[in-house]
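Colleague: One structure, pasted below without further comment.
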Amino acid sequence: MPKYIKTDKYQNNIFLTLSLDKQIMEGTFEHIIQYMVDNKIDMSAFEKKIKNDKTGRPAWDPKVMLKIILFSYSRGIISSREIELFCRENMVMAALAENSIPDFTVIADFISEMKEEIKGVFVNVLLVASEMNLLDNTAFALDGCKIKSNASKEYSGKFSDLEKKAAKIEERIKYLLDTHNENDKKMIIKPDEKIKETIAKLEKKAEKIKKFIRENRKKKGKRTEEIQSNITDNDSAKMKTSHGAIQGYNGQALVDDKHQVIVAAEVFGQGSDNDLLSPMIKEAKDNFKSIGKDENYMKGKMVIADTGYFSETNLAEAEKNELDAYIPDQLFRKRDLRFKDKNRFNPEKKKAKYTREDFVYEESKDIYICKNGKELRRQGKEYKIKNWTYKRYVAKQSECKTCEYRGDCLEKESTKRRVLMLQVRNGNRNICEEMMTKIDTPSGREIYSKRMQIVEPVFANIRIHKKLNCFTLRGKEKVNIQWLLFCIVHNLGKIMKYGQILQSV
């Protein structure tokens, strides 16, 4: 029979001597949190909300609460219940919390009620990073990270879709009621309690949908058409990701290139990035102004963004703010000479069709003439397609049907007639073409290649290391608090790694 070391099996009590002030070691992340909250972050905005000088029960110290939340988020703990448990079980957390254990409701309320106060914390951390020379302040990369919201995408849709969903639920309720009544007629002594519970749940769901329709207006898109609403969190949106569609928020971050410090951050309830440059540049300007920079501080700064930001709106905004922007169009890789012989994007290369240069333009009649001498006339007004403005010229179907050049002119055999979509220029300038020319230069492509190494590791840190896979709060205002908290945690990590913190604990 094998022999084992004899144990007491918890029969004896063990007294441990623990010094909480020695749990926070210099150079650790918890040391940075302790130092920053105690010495660098202005907590006056939090203290103004507490009005119990003469009467009322004592309040939780906002410094302690902020330390608890920042440390928990750094460990990927975002649930208020789990944060409370963390305070009970972790000695480092006990040291930061000064041996106190706030209730999870207190933690949840503190986070959700931050609002403007969280902006002050973000700016204070950014100021320290600037004082420690962690910002290069010459080049920035902008990108977005799509993260799930605390809402089901199954409860998304236009109002007509939601009405149909409510009707289907009511049909299901009617079927269950009929089944229940049939059981009664068959003299079944014991009632089916499970059916009753199911009916009650379905009635609650149907009423929830109807109440939402009664109390809310239809969400409108940029072109005033109705877009999908969400019953649980109407500020969120259904958006496409590389892992499928999610109901979530688009967390934007503008990142400095020197040490990947986030200088501006905000969430948006839309998946598209093609009009988000303006609010992010404004946010960055406000933040830099708050840390003592000039109003024109962003002037001439380099801003790099991916193809999702390529739009006339964003390019015009970059020009308005006098930014040195590098934003490629969706087809810029196809024009890259390095891939011209590799058929990287088109393995089965098709025969080139007639282009605009193969047609002759007659300005007096505003028509195009094809190689067969037939006319392509202007149809309709200007068209807006993927942030580009076009004029449309079409040929007659009867003339294209018998044309001898049909095989070289039309993409498919089933195509009925030739259509020319020609981009409209803004006066003598086209800022989209200018940006395409800028990106296609060797220096432009080299600069753009830096985008990934600047901004992508930031999202990797927040999503993988800090485990932000889903926001727990609802509504843009509250979700923005959580996003800024994670961005603050990221920036504190950069201060820990590259900054010079004095011994303070």
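Numbered by the working numbering, the letters in the sequence shown go through residues 504 to 1008 in order.
Where is the CB? At the ideal position from N, CA and C, for every residue including glycine.
(1) Looking at Ile650: is its Cβ nearer than 8 Å to the Cβ of Cys973?
(2) Count the other C-beta atoms from every protein chain shown that fall within 10 angstroms of the C-beta of Lys613, then say buried if there are 16 or more, exposed otherwise.
(3) With Leu923 and Phe862 assumed to form a contact (beta carbons below 8 Å), what rounded beta-carbon distance in angstroms separates them?
(4) So, helix, strand or coil for Leu666, using DSSP?
(5) Please report the residue range of the alpha helix (DSSP H) in which Lys804 lies.
(6) Would the region 952–962 and the region 586–599 be scored as touching if the rule is three or more Cβ pairs under 8 Å?
(7) Sort out for me which residues DSSP pairs Cys973 with in a bridge.
(8) Using 8 Å as the cut-off, can you tell me whether the region 734–750 makes contact with the region 782–796, which would need three or more C-beta pairs spanning the two stretches below that distance?
(9) Would you mind reading off the limits of the beta strand (DSSP E) that contains Val766?
(10) Which residues in the same chain as Gly803 place their Cβ atom closer than 7 Å to its Cβ, once the five residues preceding and following it in sequence are excluded?
(11) Give the C-beta separation of Ile765 and His968 to the nearest angstrom, bearing in mind that I take them to be a contact with Cβ-Cβ under 8 Å.
(12) Kindly indicate which residue of Ala898, Gly623, Leu780 and Pro561 has the alpha-carbon position closest to the one of Ser547.
(13) Between Ile934 and Ala808, what straight-line distance do the alpha-carbon atoms span, to the nearest angstrom?
(14) Output the distance between the C-alpha atoms of Glu529 and Glu592, rounded to the nearest integer angstrom.
(15) Alpha carbon to alpha carbon, how far is Asp681 from Ala1013? Give it in angstroms, no decimals.
(16) Between Val897 and the rest of its own chain, which residues show a CB-CB distance below 7 Å, the 5 nearest in sequence each way excluded?
(17) Which residues does DSSP list as the beta-bridge partners of Ser867?
(18) Would you report the Cα separation of Gln763 and Ala756, rounded to the nearest angstrom?
(19) Leaving aside the five residues before and after Pro831 along the sequence, list all residues of the same chain whose C-beta is less than 7 Å from its C-beta, in chain order.
(20) Which residues in the same chain have their Cβ closer than 8 Å to the Cβ of Leu976, if we skip the five residues on either side of it in sequence?
(21) On the DSSP bridge assignment, give the partners of Gly751 in chain order.
(22) Can you tell me which of Asn817, Arg895, Gly751 and Ile527 puts its alpha carbon nearest to the alpha carbon of Glu600?
(23) Measure the beta-carbon distance from Pro505 to Trp563 and round it to whole angstroms, keeping in mind my assumption that it falls under 8 Å.
(24) Output the distance between the C-alpha atoms of Lys852 and Phe835, rounded to the nearest integer angstrom.
(25) If we call anything under 8 Å between Cβ atoms a contact, is Ser732 one with Asn719?
(26) Could you have a look at Arg717 and say whether DSSP puts it in helix, strand or coil?
(27) If you drop the 5 nearest sequence neighbours on each side, which residues of the same chain put their C-beta closer than 6 Å to that of Glu673?
(28) In chain order, what residues of the same chain lie with their CB nearer than 8 Å to the CB of Leu840, ignoring the 5 residues before and after it?
(29) Verify whether the separation of the beta carbon atoms of Gly978 and Asp776 is less than 8 Å.
(30) In whole angstroms, what is the alpha-carbon distance linking Leu818 and Val770?
(31) Cα separation between Ser867 and Asp911?
(32) Give me the Cα-Cα distance between Cys590 and Leu569, rounded to the nearest whole angstrom.
(33) Assign Asp556 to buried or exposed, taking buried as 16 or more other Cβ atoms, counted over all protein chains shown, within 10 Å of its Cβ.
(34) In the region 882–951, which residue ranges form an unbroken alpha helix (DSSP H) of at least 4 residues, counting only runs that do not cross its ends?
(35) Taking the C-alpha atoms as reference points, what is the distance between Lys722 and Arg859?
(36) Is it buried or exposed, Tyr829, if we count other Cβ atoms within 10 angstroms and call 16 or more buried?
Modeller: To lay it out plainly:
(1) Yes, the Cβ-Cβ distance between Ile650 and Cys973 is below 8 Å.
(2) Correcting the residue identity first, residue 613 is Phe in this sequence and not Lys. Looking at its Cβ environment, which holds 16 or more other Cβ atoms inside 10 Å, Phe613 is buried.
(3) About 7 Å; that satisfies the 8 Å criterion.
(4) The sequence as given places Glu at residue 666; Leu does not occur at that position. Collapsing the DSSP output to three states places Glu666 in a helix.
(5) No residue range can be given for Lys804, since it is assigned to no alpha helix (DSSP H) and is classified by DSSP as neither H nor E.
(6) Here the region 952–962 makes no contact with the region 586–599; the two share fewer than three CB pairs at distances below 8 Å.
(7) Beta-bridge pairing links Cys973 to Lys651.
(8) Segments in contact, no.
(9) Counting along the chain, the beta strand (DSSP E) containing Val766 begins and ends at Ile765 to Phe771.
(10) Cβ neighbours of Gly803 within its own chain (closer than 7 Å, five residues either side excluded): Glu825 and Asp827.
(11) Cβ atoms of Ile765 and His968 stay farther apart than 8 Å, at about 15 Å.
(12) When only C-alpha atoms are compared, the closest one is Gly623.
(13) So the two alpha carbons sit approximately 16 Å from each other.
(14) One Cα belongs to Glu529, the other to Glu592, and the distance between them is close to 22 Å.
(15) Lying outside 504 to 1008, the shown extent of the chain, residue 1013 is not represented and no answer is given.
(16) Taken in chain order, the residues that qualify are Leu879, Arg880, Gln882, Arg920 and Val922.
(17) DSSP output for Ser867 lists no bridge partner at all.
(18) Whole-angstrom Cα-Cα distance: 10 Å.
(19) Close CB contacts of Pro831 within its chain, under the 7 Å cut and outside five residues either way in sequence, are with Thr810, Phe813, Ile942 and Tyr951 (chain order).
(20) Closer than 8 Å at the Cβ level, and outside the excluded window around Leu976, lie Ile614, Ser615, Asn653, Val982, Ile984 and Gln985.
(21) DSSP lists Lys651 and Ala740 as partners of Gly751.
(22) At residue 600 the sequence reads Ala, which differs from the Glu that was named. Here the closest residue by C-alpha is Ile527.
(23) Going by Cβ atoms, the distance from Pro505 to Trp563 rounds to 53 Å, so no, they are not a contact pair.
(24) In this prediction, Lys852 has a pLDDT of 48, which is less than 50 and means its spatial position is unreliable; nothing more can be read from the coordinates.
(25) Annotated as proximal: Ser732 and Asn719, with beta-carbon spacing under 8 Å.
(26) Here Arg717 sits in helix by DSSP.
(27) Counting only Cβ-Cβ distances below 6 Å, and skipping sequence neighbours, we find Ala709.
(28) Taken in chain order, the list of residues that qualify is empty.
(29) One thing to note: Gly978 has its Cβ no nearer than 8 Å to the Cβ of Asp776.
(30) Approximately 21 Å between the Cα atoms of the pair.
(31) As the crow flies, the alpha-carbon of Ser867 is around 28 Å from that of Asp911.
(32) C-alpha separation (whole angstroms): 13 Å.
(33) Classification of Asp556: exposed, given that the 10 Å Cβ count is below 16.
(34) Here the runs fully enclosed are 900–904, 909–912, 934–943 and 945–951.
(35) Distance between Lys722 and Arg859, taken at the CA atoms: about 40 Å.
(36) Answer is buried; the Cβ neighbour count reaches 16.
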